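In the numbering used here, the protein residues as written are 1 to 296.
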């Protein structure tokens, strides 16, 4: 008891040390699993590729000069466009789903949210393979349309950018629905009633009241969808093939195929910089501030 009392008194007299001890597991986790790996990536990006994929420990900026490679710019533009279309599609569909659950879900709101996150209980790889079964030339969609005599030959639904977009929207739609639902659930209904009393129609209430008050949820969902979508690897690999390569697959080929670790590291840092810029713009747009205010 005396030892415990002395320990408590020691930390009570030194609050800064107490906070440091409490945060030490988080600091250790951040250091070991984030900062050190990223430091290695930065270090390798300034090295030189030797013969047969070896690393020559000579400082150079050649990897960063190759960032302007036309092939990389083309793949990056494709990745950016697909990620942006994914955000737009998820925002349109996710807002409708979240709006209906929040305002008309009633006592079954928790059930509907459970159904939204239920696909996460299934293997990510299995879900992507199921879309391959649906979109293939002899899959369920083409077979159904041909049996109805709506088409005479299978539609090219697989191994193209359309298939990649479908897979991205399907995979990341819940990441849009959940923050939108949280924002709509916290929406003060009295504000909508006041707008109705002032003569605003349902359409005017939605565009002039509901949308502005749920901007934080839209920003959060857009960031949560765009960041993983632009660097996606498995979906373009399985659903898109060589015709729809995205930046994630391109970077992986630099490491595994060409064994060009410095160049792959430079491309990885570029992708990280883009994500950090998006987070910064998200904070400037008020997403972080609104989220903090909502939590309070």
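A virtual CB, placed ideally from N, CA and C, is assigned to each residue, including glycine. These figures come from a predicted structure and were not determined experimentally.
CA nearest to the CA of residue i, picked from the options
i	options	result
residue 54	276, 268, 271 and 263	263
residue 227	68, 31, 86 and 46	86
residue 298	30, 50, 33 and 32	Limits of the chain in this structure are 1 at one end and 296 at the other, which puts residue 298 out of reach.
residue 274	121, 256 and 229	229
residue 113	185, 255 and 201	185
residue 103	187, 31 and 88	187
residue 52	255, 278 and 285	255
residue 34	277, 272 and 62	272
residue 249	76, 129 and 37	76
residue 129	283, 251 and 237	237
Buried or exposed (CB count within 10 angstroms, at least 16 for buried), residue i
i	result
residue 281	exposed
residue 96	exposed
residue 257	exposed
residue 7	Low per-residue confidence applies at residue 7: pLDDT is 47, beneath 50, and the placement is therefore not dependable, though the value from the model is reported in the following sentence. Its Cβ having fewer than 16 others within 10 Å, residue 7 is exposed.
residue 179	buried
residue 120	exposed
residue 149	exposed
residue 183	buried
residue 73	exposed
residue 202	exposed
residue 261	buried
residue 277	exposed
Residue i and residue j closer than 9 Å at C-beta
i	j	result
residue 242	residue 78	no
residue 125	residue 234	yes
residue 173	residue 94	yes
residue 139	residue 239	no
residue 45	residue 265	yes
residue 59	residue 47	yes
residue 42	residue 270	no
residue 313	residue 157	As displayed, the chain neither begins before 1 nor continues past 296, which places residue 313 out of reach and without an answer.
residue 176	residue 118	no
residue 303	residue 98	As displayed, the chain neither begins before 1 nor continues past 296, which places residue 303 out of reach and without an answer.
residue 169	residue 285	no
residue 267	residue 67	yes
Residues bridged to residue i (per DSSP)
i	result
residue 108	According to DSSP, which records beta bridges pairwise, residue 108 is partnered with nothing at all.
residue 49	55
inquiry  = Check whether the segment 206–217 and the segment 157–168 touch, using three or more Cβ-Cβ pairs below 8 Å as the test.
reply    = no
message = Could you check whether the segment 184–200 touches the segment 148–160, counting it as contact only if at least three pairs of C-beta atoms, one from each stretch, sit closer than 8 Å?
response = no
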